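Report on the following structure.
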Amino acid sequence: MERELALEIVRVTEMAALASSHWMGRGKKNEADEAATSAMRAMFDTINMRGTVVIGEGELDEAPMLYIGEKLGNLEADGPEVDVAVDPLEGTTIVAKGHNNAMSVIAIGDRGTLLHAPDMYMMKMAVGKRAAGQINLYDPVDKMIEVVAKANNKRVQDVTVIIQERDRHQAIIDAIREKGARVKLFGDGDVGAAIAACLPHTGIDLFLGIGGAPEGVISAAAIKCLGGDMQAQLKPQNDSERERCIKMGLDNPEQLLTLNDLVKGDDAIFAATGVSDGELLQGVRYLGDDMVETHSIVMRAKTKTIRFVRAVHNTEHKPNLLWK
């Protein structure tokens, strides 16, 4: 992949975040998602790449744009052939309610490198680079915490595990607390939470729990860029979901998936722009005088470069950003 592609796709997440931010706190999640999707799709046409959506807004008959299989980019140009995984607005309910941790996210890999994860549940575990190569999703929770504590040179009682606040996680939460470690709960938006476990300044040591499989692949691209580690296991709920896993090439739909199963090869690009404030990024800020500020992160696995991008947009010169 061209290294310039990393900076180009930030423009895509910026536009999606700006478009959806107009709907912050207005109680209309579908409108927020539609705004992000439309803005992201339009910006992709300006990017010099030949992309195919492998994780998107749904199948062809479910989504008018950014559907699985859709071709993206300037297809007439001689750009790289890539897989594209998108979530134009990770946290539609978050935006509708005006809560934290909403983002616009994109992951890109060379053609054939991103797992074509179906829209189903996935058990996920993520850690930073100090604990990379030492984790096992099948370990009991108390052992996971011991491994992470030793790797991060912390006492068990200083380890923080981030987990989504859902009834299905209560047994895991109880086990973490019984071990003496700390629990940080979040509502929606598990891509940002998984990434936070790989960034030392967040104070989070381990991400654990069951969430969406597509979000798991997007998270894996970011974690590969950060030098962290991730393991996962799909959780098909019925025969139809199990059949979809087999069509993906997984003879055993519930096999252990390593980071390299989720994102093959040594290269991937990840970009995200905050819509609302979160663990990873600040949200969109309306500064007055037609100025709007965004905060983004963009990373590349091959170079392990991490860029935080603060941009100030002048809506007077970008009429498409104006709120109608």
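So this note's numbering is basically just the index in the sequence shown, starting at one, shifted up by 1424.
A virtual CB, placed ideally from N, CA and C, is assigned to each residue, including glycine.
Computed from a predicted model, the values in this text were never measured in an experiment.
Under DSSP, the beta-bridge partners assigned to ARG1709 are GLU1717. Excluding sequence positions up to five before and after LEU1623, its CB lies within less than 8 Å of the CB of GLY1552, LEU1650 and LEU1704, all in the same chain and listed in chain order. In terms of Cβ geometry, ALA1695 and THR1437 form a close pair [threshold 8 Å]. For GLN1679, DSSP records no beta bridge to any residue. For ASP1457, the enclosing alpha helix (DSSP H) stretches over residues 1453-1468. DSSP, reduced to helix, strand and coil, places ASP1534 within a strand of the structure shown. Assigned with DSSP and collapsed to three states, LYS1659 falls in strand. Per the C-alpha coordinates, the member of LEU1630, LEU1609, VAL1615 and ASP1614 positioned closest to VAL1572 is LEU1630. Per DSSP, the beta-bridge partners of MET1723 are PHE1694 and ILE1730. Annotation: LYS1659 to GLY1640 spans about 12 Å, alpha carbon to alpha carbon. Taking the Cα positions, ASP1653 is about 24 Å away from ASP1598. Inclusion of VAL1508 and VAL1477 in the CB contact set at 8 Å is warranted, their separation being smaller than that value. Here ILE1634 really is in contact with TYR1545; their C-beta atoms are around 5 Å apart, less than 8 Å.
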